[in-house]
Amino acid sequence: MFKLIAIYKIPNDKDAFQKHYDEVHTPLVKKVPGLKEVRLNKVFGTPRGESDLHLIAELCFENKDAWKTAMKSEENMAAGKDLMGFAKEVVSIHFAEEVKA
Numbered sequence: 195m196f197k198l199i200a201i202y203k204i205p206n207d208k209d210a211f212q213k214h215y216d217e218v219h220t221p222l223v224k225k226v227p228g229l230k231e232v233r234l235n236k237v238f239g240t241p242r243g244e245s246d247l248h249l250i251a252e253l254c255f256e257n258k259d260a261w262k263t264a265m266k267s268e269e270n271m272a273a274g275k276d277l278m279g280f281a282k283e284v285v286s287i288h289f290a291e292e293v294k295a
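Residues 195 to 295 in our numbering are what the sequence shown lists, from first letter to last.
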């Protein structure tokens with residue numbers, strides 16, 4: 195499985211961020227062709243206490259070809275444009291291939 199992983203630091207206004215994420219951004223993301231699953235992970239701490247992270251999102255694709263097609267799609271470009279409009283300062287994007295342990 196190939197993934198786009200978005201790691202979000204804690205935003206200044208968590209409520210406004212989460213509202214936009216849930217009501218605007220997630221519906222855009224779900225339109226991306228070939229998207230198999232969206233996994234959202236709300237970060238609540240570390241072994242040492244608090245974390246500077248708010249959310250980790252995993253966009254899952256069946257294989258590398260599906261991932262490549264999705265990354266080039268108009269729907270992904272629209273989601274990316276939205277992302278840069280509301281989360282540019284708090285997000286980092288990573289690409290990964292899931293492997294078995």
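All residues carry an ideal CB built from backbone N, CA and C; glycine is no exception.
Checklist entry - Helix or strand or just coil, what does DSSP make of ALA251? => result strand
Item to check | Per-residue DSSP class, three states only, for GLY274 | outcome: helix
Next on the checklist: Taking a contact to mean a Cβ-Cβ separation below 7 Å, would you say GLY228 touches PHE255 in this structure?
Outcome noted: yes
Item to check | Whether ALA273 touches VAL237 by CB criterion (7 Å) | outcome: no
Item to check | Whole beta strand (DSSP E) elements within the region 202–274, 3-residue minimum | outcome: 229–236, 247–255
Checklist entry - Taking Cβ to Cβ, would you say GLU252 is nearer than 7 Å to ILE204? => result no
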